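Here is the structure we will look at, set down as C-alpha cells.
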Amino acid sequence: MAPILWITVLILLSIITIISIVNRNTTPENKVTWLLVAFVPVFGPLLYLMFGERRLSKKEIKQLKKLGSMHFQEANSQLLKEKLKESDKAAYGVIKSLLSMDTNADIYDQTASTFFPNGEAMWKKMVEDLKKAEKFIFLEYYIIEEGLMWNRILDILEQKVAQGVEVKMLYDDIGCMATLTGDYAHRLRQLGIEAHKFNKVIPRLTVAYNNRDHRKILIVDGQIAYTGGVNLADEYINHVERFGYWKDSGIRLDGLAVKALTRLFLTTWYINRGEISDFDQYHLENHSIPSDGLTIPYGSGPKPIFRAQVGKKVYQSLINQATESVYITTPYLIIDYDLTETIKNAAMRGVDVRIITPYIPDKKFIQLVTRGAYPDLLSAGVRIYEYSPGFIHSKQMLVDEDFAVVGTINLDYRSLVHHYENAVLLYKTPSIREIARDFRNIFADSQEVYPHSIKTSWYQKLVKEIAQLFAPIL
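Sequence positions in the sequence shown follow the UniProt record's numbering and run 1 to 474.
Rendered as C-alpha cells:
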C-alpha cells in the first residue's frame, strides 16, 4: 500500500476514534485522557477499541431487554420506605436514590449482618456454612487460586455435589488468568460443578475487556450470603505473605436480604451464560432473622448494563448527607473531579473526613497516582492515613456511625466505571458498631499524612503528574 494511502487510513481512523470519544457518555476527564491516547498512531485507536469502547452485541441487547422486563420488589419494601421517610428523611433520600438506580436492589429488615475485620475469620465461618448447605451454593469471584483456602472450599463443594446440592460458579477470566489453567472451568464441570469463566478473553476479540467481574459473592441455600474484599486465595487469609499483613474485610448476611444477592448472581449468570433461571426457586420466603436496622445489598457495573455509576452515586449521596464523620478505606484512590469535590466539600463544612490507603502497595505505580491525589484533599481538611503493617484491601465506608458500606468497590475508575461490583449498604444495624471498632483499630495501626511530609524530587513530581493525567483509564 502506498505511503500516502497508509497516512490517509491512519488519519481517518484517528478522526473516527476522536468522534467516538467526544460523543461518549462519560466524564470529561475520561474523554480528555482517551483523546490523548487516540493521537498515538495505530496503537491509540486500537487501545481505545479494546479498552475504551463499550458496544453491546445483539445477544447482550436481547438479554438487557429481558432483564428490563423483570421488576423485583419485596412485599413489605414500600412499608419500610414509608416508615423510614417519617423517621429519617435524609436516610430515606439516600436509599431511595440507590433503589432507583439498581433494579435488583431492595430494602430489607429481618436480616442479621456479621462484620469480619479480616479474611481469616471470614473464611472460617464460610467453611462452617458451606458444610451445612442442603439445596444450592453460588460462587462469583474475581480471583481464585489453588492453595489452602480454595482447596478446602473445593473439597466441600465436591462433597456437596455428591449429596445432590446444586453448585453454580462464575470466575473472572482475566482475574484468574495468572492463577488458574485455561481448562480449569472444564475440570470443575467434570466434578459436577457448573463453573464458567466470566467475559472470556479467548477465543474471540472483544471490545469489553475492561468490563471485568470484580464481585465476590458466596450464597448458601438462599439463606446466607458473604461479600466484601476477600477473594479465594491464600494471601487474603494471610496464609502466605505478599505485601506485609493483608488487611481485608467482609460481611455475612443471614435473612431476607440474601434474596438481593441471589438475584444479582443469577442476573450475572444470565448475562454471561444466556440462561434464565426461575428466581423464585432460589428464594426461601420464610427465612427471616429478627434484627434492628435496614440492609440494602446492591450491584454496580458498566453502562448500559447499569443506568448510572451506582457505586459512585451511593458514596456521593452518603458523603453529601454526612453531618459528623466520613471514614473510608480503599486500596487505590484514583477518583474524578466530581467525587473529589464531594469529599472536599464535606471536609470544608466541618465533617471529619478520613481516608485510609496502603503504606505498602501491591502496585507501586498506582500508589504514585494515589499519593498524587493527597495534596488537593489535604488542602480542604481531609485527613489521610496510610496503613502501616501491610496492604489494606478492604473497601468500606462509615458515615456518622449510622450508615456503612462494605463490598468490592474500590475508589478508582475501574471499579466505579468499568467493573461489575457489589456492596451492602447498612443503616443502624448492630454490625455498624463492629465496623466503627475496626476503623478505630485501623487508625491506631496507620500513620497520618501531613502536607509538610509530602516531599518529592522533581522527577517524582513529573511521574506523578503524568500518572495523574492517565488516571481515568488506570
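Think of the CB as a built atom: it goes at the ideal place given N, C-alpha and C, for glycine as much as any other residue.
Quick caveat: nothing in here was measured; it's all calculated off a predicted structure.
- Within the stretch 173 to 202, complete beta strand (DSSP E) segments of at least 3 residues are found at 194 to 198, given in chain order.
- Look at GLU146 here: in three-state DSSP terms it is coil, with no helix or strand label.
- Proximity of the stretch 438 to 445 to the stretch 250 to 257 falls short of the contact definition, fewer than three beta-carbon pairs being nearer than 8 Å.
- In the three-state scheme derived from DSSP, where H, G and I count as helix and E and B as strand, VAL310 is classed as helix.
- Between the stretch 187 to 194 and the stretch 222 to 234 there are fewer than three C-beta pairs closer than 8 Å, too few to call the two in contact.
- PRO3 and GLY182 have their alpha carbons spaced roughly 41 Å apart.
- Boundaries of the beta strand (DSSP E) harbouring VAL399: 396 to 399, taken from the DSSP string.
- Contact between ALA423 and GLY311 holds, since their C-beta atoms are separated by about 7 Å, short of 8 Å.
- Cβ neighbours of PHE265 within its own chain (closer than 7 Å, five residues either side excluded): PHE138, GLU140, ILE217 and ILE219.
- When DSSP states are grouped into helix, strand and coil, ILE153 belongs to the helix group.
- In this structure, ILE296 lies away from LEU462, with their beta-carbon atoms at least 9 Å apart.
- In this structure, ASP412 lies near ILE334, with their beta-carbon atoms less than 9 Å apart.
- In this structure, DSSP gives ILE343 a helical state, which the three-state scheme calls helix.
- The criterion of a C-beta distance shorter than 9 Å is satisfied by TYR142 and GLY175.
- C-alpha of PHE136 to C-alpha of ASP221: approximately 5 Å in a straight line.
- Looking from the CA of VAL449, the closest CA among TYR427, ILE432, THR357 and ASN320 belongs to THR357.
- DSSP places ASP280 within a helical segment (H, G or I) once states are collapsed to three.
- Residue burial is scored here from C-beta neighbours: ASN441 has fewer than 16 other C-beta atoms within 10 angstroms and is therefore classed as exposed.
- The stretch 378 to 395 makes contact with the stretch 357 to 367: 3 or more CB pairs, one atom from each, lie closer than 8 Å.
- A check of alpha carbon separations from PHE365 across GLY350, LYS259 and PRO331 identifies PRO331 as the nearest.
- In the DSSP annotation of this structure, the continuous segment of the alpha helix (DSSP H) that includes SER100 starts and ends at 89 to 101.
- The residue among ALA347, PRO389 and SER100 with its C-alpha nearest the C-alpha of ASP248 is PRO389.
- Annotation: ASP338 to VAL94 spans about 18 Å, alpha carbon to alpha carbon.
- A direct Cα-to-Cα measurement between PHE279 and ARG263 gives close to 7 Å.
- Below 8 Å, too few C-beta pairs join the stretch 371 to 380 and the stretch 401 to 409 to call them touching: fewer than three.
- Look at GLY119 here: in three-state DSSP terms it is helix.
- For the set GLU401, ASP438, TRP150 and ALA195, the Cα lying nearest the Cα of VAL326 is the one of GLU401.
- Inter-residue distance for ASN272 and ILE11 is about 36 Å (C-alpha atoms, whole angstroms).
- Taking a 10 Å sphere around the C-beta of ALA162, we find fewer than 16 other C-beta atoms and assign the residue as exposed.
- Straight-line measurement puts the Cα of ARG242 at about 12 Å from the Cα of LYS363.
- Cβ neighbours of LEU180 within its own chain (closer than 8 Å, five residues either side excluded): ILE144, GLU145, GLU146 and TYR171.
- Scanning its chain for C-beta atoms nearer than 8 Å, with the 5 sequence neighbours on each side dropped, one finds around PRO451 the residues PRO375, LEU378 and SER379, in chain order.
- Excluding residues up to 5 positions away in sequence, SER113 and GLY293 lie with their Cβ nearer than 6 Å to the Cβ of THR429 in the same chain.
- About 18 Å separates the Cβ atoms of VAL314 and LEU80, ruling out a contact at the 8 Å cut-off.
- Here the alpha carbon of GLN321 sits roughly 48 Å from the alpha carbon of HIS186.
- Here VAL382 carries a coil assignment [DSSP, helix/strand/coil].
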